[in-house]
Amino acid sequence: MERLDAAVELARDAFEVAELFVHPGTRGGGLGRRLLGGAVAGWPRAWLITSPQAPAARLYQALGWRQVASLPADYCPEPELAVFATRVGVPV
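The number in our numbering is simply the position in the sequence shown, starting from 1, with 3 added.
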């Protein structure tokens, strides 16, 4: 029940970033930062699931997002997946 309560609290009044991709040829120009900022603007919190080894994970962390949980290996053994979250405008 504890995990369920934590998941409910994380998702309550929060924006879920389901997918966000930037073409490799345009990376590094701030497009991903602007897209993510626009997507979560107006929401008190936001969260997403990605691999901590994904290139985008570095962007999320640079923007103040924090890894708050890892998904169990029996859920998705490869690649490792984790939940990242932020309070919009305030790092978690």
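No residue lacks a Cβ here, since even glycine has one placed at the ideal position from N, Cα and C.
Exposure label - residue i; buried when at least 16 CB within 10 Å
i     : result
Phe87 : buried
Tyr78 : exposed
Gly32 : exposed
Val11 : exposed
Pair within 8 angstroms by beta-carbon distance, residue i and residue j
i     : j     : result
Gly35 : Leu51 : no
Ala85 : Gln70 : yes
Arg90 : Pro55 : no
Thr53 : Ala44 : no
Ala57 : Phe18 : no
Presumed contact (8 angstroms Cβ cut-off) between residue i and residue j, rounded CB distance
i     : j     : result
Leu39 : Leu66 : 7 angstroms
Ser73 : Glu81 : Their Cβ separation, rounded to whole angstroms, is 13 angstroms, which puts Ser73 and Glu81 out of contact at 8 angstroms.
Residue i at chain B interface by Cβ criterion, 8 angstroms
i     : result
Arg90 : Of the protein chains in this structure there is only one, and it is not chain B.
Where are the beta strand (DSSP E) runs, 3 residues long or more, that stay fully inside the stretch 13–87, in chain order? 17–20, 48–53 and 69–73
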